[in-house]
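Asks: For the sequence shown, numbering that gives the first Met the number 0 gives the first residue as 0, with consecutive numbering after it.
Beta carbons are placed, not taken as given, at the ideal position from N, Cα and C, and that holds for glycine.
All of these numbers come straight from a predicted model, not from anything done at the bench.
Before anything else, here's the structure in question.
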Amino acid sequence: MGRYQKWYQNSNLELRIKLTQEETITIRNKKKIHKLTNDLERCELYIKYLEKNLISRENEIDKLKAEYCSTLHNLKKYQDHLELKEEALVAQDNQIILLEDTIEKLKSQILKISHFQNNSNKPSEEEHQENMAIPDILRNVGTALDQVESYINGDTSFDPRNILNGIRISITTIREHMERHIQDAINLQGQLNTAYNLLNNANGQINNFINDMANVRNECLRRAQLLTLTYNNEANEHHRWWQIAQERQINAVAGFNAQARANKMIGKMTGRFHPVPVQNPYNGNNAINNEAEFLNWLQGKYQEVMVGTGRDTLRALGNERFTAMDTADTYEKRIKPYTLGIPYADVSPYLYEHMPQYMEMRLRQTAPANLDAFFRNLCTI
């Protein structure tokens, strides 16, 4: 009965192995989620970087707009000043009208930067345009307007057309700078939108993995319930057969002999344990005509179907470890199914490798003689 009971205790090994595989898949999914979380954090940092750049560009654009408005205001003020001079400069009415029209067109016609040509000692116009910053341009516009005013007042030592041309080109340069910065802001906004799309995609993948994790967890719970149900069914069946055997022995039913009991158990076999052969290939092809021979065949068949070869069992045993969550009892329940039918001398090296170093040293000092002694000594550590 001891071997028969042990077979029932170990019949859940296949479900336990599948449960272990599901746990491995769960760990792999957790690693994927951790990787995606790191990607998400990097995307968020990049978005913050883009937002800071966008704010900086917006501030620069606002500053340029303010300078542009100030320039337009000054131009309007000088235009009004020219109109006030109109009554005192009757002889120059035609020139003043021409200047007013020219100044009015400066708002919509911006071409290129030019240098004032009233002084031959100054650098060339192109070099000055390349080195001139926007504040310098604005100051030059103010200076040029002062010269226009001087010309209106009667100073004819320079050509006012050159001055007006310089003002026109300077304002054109300001507009080009503003358009370039506005385009940079538009490009930066496009990069920000791209980063947000990447963030949304990462969030979608994380949600998918969370759903997969929930499905795996539900499947593990279902398998655990199935494992419990299978164990209860096997325990009930074992108890029922034990009661039948007790009743047969008490009632001394002569007809229920060894052959009859073996046939009854053979008739209960299904699935991968059916059909039962006439001879036992695991015990020298002896006839299966009694309980002992039937149980010997059943143990060999179980070893072949449920556990596999000794090499596969040892390979599975090598993947186990005594973890921080284990106790002596939980470790024994998990490991014993792997040791079915394998000599203790072959199993013991794997068991020692499972242990932390200090536990391994103490177990080796006790030198357990068999598997039961190994687990008893483990309980005392």
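Which residue marks the beginning of the alpha helix (DSSP H) containing Ala327, and which one marks its end?
Replies: Unbroken alpha helix (DSSP H) run through Ala327: 327-334.
Asks: Within 10 angstroms of its Cβ, does Gln356 collect 16 or more other Cβ (buried), or is it exposed?
Replies: When all chains shown are included, Gln356 counts as exposed.
Asks: Ordered along the chain, which non-local residues of its own chain (more than five positions away) have a Cβ less than 7 angstroms from that of Thr365?
Replies: Closer than 7 angstroms at Cβ, skipping near neighbours: Asn376.
Asks: Asn285 bridges to which residues according to DSSP?
Replies: Answer is Asn279.
Asks: Check whether the region 22-38 and the region 165-180 touch, using three or more Cβ-Cβ pairs below 8 angstroms as the test.
Replies: Taking 8 angstroms as the limit for Cβ pairs, the verdict is that the region 165-180 does not touch the region 22-38.
Asks: What would DSSP say about Ile24, mapped onto helix, strand or coil?
Replies: Residue state, collapsed to three classes: helix.
Asks: Could you say if the region 148-156 and the region 17-26 meet the contact criterion of at least three C-beta pairs nearer than 8 angstroms?
Replies: Touching, no, given that fewer than three Cβ pairs across the two stretches are closer than 8 angstroms.
Asks: Would you kindly check if the distance between the Cβ of Gln278 and the Cβ of Ile287 is under 8 angstroms?
Replies: Taking 8 angstroms as the Cβ cut-off, Ile287 and Gln278 qualify as a contacting pair.
Asks: So what does DSSP say about Ser156, is it helix, strand or coil?
Replies: Of the three classes helix, strand and coil, the one that applies to Ser156 here is coil, per DSSP.
Asks: Apart from the five residues on each side of it in sequence, which residues of its chain come closer than 6 angstroms, Cβ to Cβ, to Ala327?
Replies: Cβ neighbours of Ala327 beyond the five flanking positions: Leu377, Cys378.
Asks: Quick check on this structure: which residue in Asn235, Arg333, Ile166 has the alpha carbon closest to the alpha carbon of Leu12?
Replies: Here the closest residue by C-alpha is Arg333.
Asks: How far does the alpha helix (DSSP H) with Met264 in it extend, from its first residue to its last?
Replies: First-last of the alpha helix (DSSP H) with Met264: 257-266.
Asks: Is there contact between the region 177-195 and the region 151-164, where contact requires at least three CB pairs shorter than 8 angstroms?
Replies: No, the region 177-195 is not in contact with the region 151-164.
Asks: With distances taken from CA atoms, which of Glu359, Lys263, Glu178, Leu144 is nearest Glu290?
Replies: The shortest C-alpha separation from Glu290 is found at Lys263.
Asks: Pop quiz: Asn284 and Glu292 are said to be a contact at Cβ under 8 angstroms. What is the actual Cβ separation, rounded to whole angstroms?
Replies: That belief does not hold up - the Cβ atoms of Asn284 and Glu292 are roughly 11 angstroms apart, past 8 angstroms.
Asks: Could you tell me the alpha carbon to alpha carbon distance between Val252 and Lys267, rounded to whole angstroms?
Replies: For Val252, the predicted structure reports a pLDDT of 46, less than 50, and the residue's modelled location is therefore unreliable. A value from the coordinates is still provided. So the alpha carbons of these two residues sit roughly 21 angstroms apart.
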